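**Student:**
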Amino acid sequence: MFSRILVALDGSRTAWHALDAALAIAAEHAATLDTLYVIDFPVAALDLSGAYLSNFLDAAREQGRQLCTDAAGRMASRDVKGTQRVVEAGSIGEDVADTIARAARAWPADLLVMGTHGRRGWRHLMLGSVAERTLRLATCPVLLIPTHTSLAQPGEAPADPAEAAGSSHRAAPPAADLPDTAKASS
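Residue numbers (the numbering used here): 15 to 200.
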């Protein structure tokens, strides 16, 4: 079903959960996995002199390379093939979401996987959501992995039924706990 999966990395715990989900899908479908780290140019960087901007970019590139090296190790341990990329936002007006969506279209990915930090309230209004914006811009299916996600291995049931229902607190009871009101007809 999926042959080319793109996963966006940012170094957060949520991004590593997204990578784990993407690895599970890639392993199951024998898909190629491309990891992507986007160097964002904060507005404050526009005021940096040449030397400071160069230092900022060097540090960001190194962080991206290290994250991609770590991702490559996880990919190798799952025998998943793919590549790792560190890219810079294309222009002053382009943000991380634009860059991720553009990379997914250009490859082309048939699934984009990324973490979502689940900001709410004023933090969401002030900071926005890269995941939300990417979801609107993407031309392929997007799988968003929330911060508090625990992935069960194939064939393994989650320890807590509520975990299987995601963040819902109202999980359906196991079938064994349902009242036996239906009789099988023969």
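From the three backbone atoms N, C-alpha and C, an ideal C-beta is built for every residue, glycine too.
Values in this document were obtained by computation on a predicted structure and should not be read as measured data.
(1) CA-CA distance, ASP24 and ALA41?
(2) Check each candidate in ARG116, GLU146, TRP121 and ASP112 and name the one with the smallest Cα separation from GLY96.
(3) List the endpoints of the continuous alpha helix (DSSP H) containing THR28.
(4) Measuring straight from C-alpha to C-alpha, what distance separates LEU151 and ASP93?
(5) Just how far apart, CA to CA, sit SER91 and ASP84?
(6) Can you find the residues in the same chain that come closer than 6 Å, C-beta to C-beta, to ARG119, ignoring five residues on each side of it along the sequence?
(7) Rounded to a whole number of angstroms, what is the C-alpha to C-alpha distance between ALA115 and LEU37?
(8) May I ask you to list the residues that DSSP assigns as paired with VAL100?
(9) Counting only beta-carbon separations shorter than 8 Å, does ASP48 have a partner in chain B?
(10) Is it true that the CB of VAL127 sits closer than 8 Å to the CB of VAL21?
(11) Using DSSP bridges, identify the partner residues of PRO122.
(12) Buried or exposed, going by whether 16 or more other CB atoms sit within 10 Å of the CB of GLN98?
(13) Determine the closest residue to ASP48 out of LEU125, LEU71, ASP72 and GLN77, with distance taken between C-alpha atoms.
(14) Give the straight-line distance between the Cα atoms of ALA32 and GLU108, rounded to the nearest whole angstrom.
(15) If you compare alpha carbons, which of THR46, GLU76 and ALA111 is closest to MET15?
(16) How should GLY78 be labelled, buried or exposed, when 16 other C-beta atoms within 10 angstroms of its C-beta is the threshold for buried?
(17) With 16 as the cutoff for other CB atoms within 10 Å, does GLY87 come out buried or exposed?
(18) Excluding sequence positions up to five away, which residues of its chain have a Cβ less than 6 Å from the Cβ of VAL110?
**Tutor:** Reading from the atomic positions:
(1) As a first step, residue 24 must be located in the sequence shown, where it is residue number 10. As a first step, residue 41 must be located in the sequence shown, where it is residue number 27. Each residue's alpha carbon lies about 22 Å from the other.
(2) Counted from its first residue, the sequence shown places residue 96 at position 82. Taking only the C-alpha atoms, the option nearest GLY96 is TRP121.
(3) Taking the sequence shown and counting its residues from 1, the one referred to as residue 28 is at position 14. Looking at the DSSP string, the run of the alpha helix (DSSP H) that includes THR28 is 27-43.
(4) As a working mapping, residue 151 is identified with position 137 in the sequence shown. As a working mapping, residue 93 is identified with position 79 in the sequence shown. Straight-line Cα distance between these residues: approximately 31 Å.
(5) To locate residue 91, count along the sequence shown from 1; it is residue 77. To locate residue 84, count along the sequence shown from 1; it is residue 70. Cα to Cα, SER91 sits roughly 11 Å from ASP84.
(6) Within the sequence shown, residue 119 is the residue found at index 105, counting from 1. Excluding sequence neighbours, ARG119 sits near THR153.
(7) Indexing the sequence shown from 1 puts residue 115 at position 101. Indexing the sequence shown from 1 puts residue 37 at position 23. The straight-line gap from Cα to Cα measures roughly 20 Å.
(8) In the sequence shown, residue 100 corresponds to position 86, counting from 1. Note: VAL100 sits in a beta bridge opposite TYR51.
(9) The chain labelled as chain B is not found in the depicted structure, where only one protein chain is given.
(10) Against the sequence shown, residue 21 aligns to sequence position 7. Against the sequence shown, residue 127 aligns to sequence position 113. Yes, the Cβ-Cβ distance between VAL21 and VAL127 is below 8 Å.
(11) Start at 1 with the first residue of the sequence shown, and residue 122 comes out as number 108. Answer is none; PRO122 lacks a bridge partner.
(12) The sequence position of residue 98 within the sequence shown is 84, counting from 1. The residue in question, GLN98, is buried, as its Cβ has 16 or more Cβ neighbours within 10 Å.
(13) Position 34 of the sequence shown, counted from the first residue, corresponds to residue 48. Cα-wise, what sits closest to ASP48 is LEU125.
(14) For the purposes of this step, residue 32 is taken as the residue at position 18 of the sequence shown. For the purposes of this step, residue 108 is taken as the residue at position 94 of the sequence shown. Going from the Cα of ALA32 to the Cα of GLU108 covers about 23 Å.
(15) In the sequence shown, the residue the question calls residue 15 occupies position 1. Of the listed residues, the one whose Cα sits closest to MET15 is THR46.
(16) Counting from 1 along the sequence shown, the entry for residue 78 is found at position 64. Classified as buried, GLY78 has 16 or more neighbouring CB atoms from the shown chains inside 10 Å of its CB.
(17) Looking up residue 87 in the sequence shown gives position 73. So GLY87 ends up on the exposed side.
(18) Within the sequence shown, residue 110 is the residue found at index 96, counting from 1. Excluding residues within five positions, the ones whose Cβ falls inside 6 Å are VAL52, ASP54 and VAL144.
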